[in-house]
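Per the working numbering, residue 75 is the first one in the sequence shown, and the count goes up by one each step. For glycine and all other residues, C-beta sits at the position ideal for the given N, C-alpha and C. Notes to accompany the following structure.
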Amino acid sequence: MPNARLTYEEMMAGLLSKHDPDTAMSLAVGGDYEAMGETLRQLLESYGLRENHYLIDVGCGSGRLAYALSRSSYRETLRYLGIDIVPAMLQYAAAKCQQPSWRFEPAAELKIPEADGCADMLCFFSVFTHLMQEESFLYLREAARVLKQGGVIVASYLDINEPRHWKTFTGNVASAKTRQAKAMDIFLSPDFFAVWARQLGLTLLDEPERDCGQRVCLLQKR
Numbered sequence: 075m076p077n078a079r080l081t082y083e084e085m086m087a088g089l090l091s092k093h094d095p096d097t098a099m100s101l102a103v104g105g106d107y108e109a110m111g112e113t114l115r116q117l118l119e120s121y122g123l124r125e126n127h128y129l130i131d132v133g134c135g136s137g138r139l140a141y142a143l144s145r146s147s148y149r150e151t152l153r154y155l156g157i158d159i160v161p162a163m164l165q166y167a168a169a170k171c172q173q174p175s176w177r178f179e180p181a182a183e184l185k186i187p188e189a190d191g192c193a194d195m196l197c198f199f200s201v202f203t204h205l206m207q208e209e210s211f212l213y214l215r216e217a218a219r220v221l222k223q224g225g226v227i228v229a230s231y232l233d234i235n236e237p238r239h240w241k242t243f244t245g246n247v248a249s250a251k252t253r254q255a256k257a258m259d260i261f262l263s264p265d266f267f268a269v270w271a272r273q274l275g276l277t278l279l280d281e282p283e284r285d286c287g288q289r290v291c292l293l294q295k296r
């Protein structure tokens with residue numbers, strides 16, 4: 075039988091039982107809350123995020139990226155929607171950012187709660203890492219729907235071909251042997267995104283070397 079999987083609500087409850095809220099919310103998204111948030115903000119800016127843009131942050135968590143954006147020079151003109159499956163994280167992110175016009179909403183049924191062709195950019199940071207491949211494809215299809223022509227999807231993932239990601243894989247192997255319950259980690263490869271891009275009518279862009287702890291994929295709607 076497969077190992078039991080922790081839900082993210084269970085993971086969050088466990089962290090809050092052991093740590094103060096700020097520490098728990100940082101650990102829930104991998105730690106380095108402010109530093110990594112700045113890294114992600116700069117990453118999106120390098121891929122074209124600008125003032126007056128509409129950004130949809132799928133799997134926004136406790137607002138690591140959103141908080142960095144809330145301190146940017148263009149925060150007043152940026153339109154932002156963050157969605158996540160853990161209500162406590164959404165509440166924390168909204169309180170942390172203090173941007174009344176920004177939206178933090180629950181994710182439901184692999185849908186993005188927006189109209190067709192409205193967003194300039196969508197990001198999925200460490201989201202496909204925790205979804206089955208079929209679920210990731212459905213989310214990409216939703217992203218293509220809400221994206222404007224010329225808009226960009228930025229997605230990070232664990233690459234099975236990447237040596238530095240093998241530490242995570244071998245850790246998961248050890249957990250499987252001891253039947254230790256943990257969150258699910260899924261490994262992908264560039265080939266997945268090449269196939270998905272063709273199926274969805276997206277263009278797979280060359281990805282410059284950027285370090286956010288995972289490999290980054292860029293997809294454009296043309």
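- Following the DSSP letters along the chain, one finds glutamate 150 in no alpha helix (DSSP H), marked with neither H nor E.
- In the assembly as shown, arginine 296 is an exposed residue. Its beta-carbon has fewer than 16 other beta-carbons within 10 Å.
- Nearest C-alpha to asparagine 126 among Lys170, Glu179, Val103, Ser175: Ser175.
- In the structure shown, proline 174 falls within a coil segment according to DSSP collapsed to helix, strand and coil.
- Taking 9 angstroms as the cut-off, the beta carbon of leucine 262 is found no closer than this to the beta carbon of valine 226.
- If the five residues before and after glutamate 216 are omitted, its C-beta is found closer than 8 angstroms to the C-beta atoms of Leu184, Lys185, Ile186, all from its own chain and listed in chain order.
- According to DSSP, leucine 262 shares a beta bridge with Asp233.
- Beta-bridge partners assigned by DSSP to tyrosine 128: Arg153.
- In the structure shown, glutamate 281 falls within a coil segment according to DSSP collapsed to helix, strand and coil.
- The beta-carbon distance between tryptophan 270 and leucine 221, rounded to whole angstroms, is 14 angstroms. This is too long to meet the 8 angstroms contact definition.
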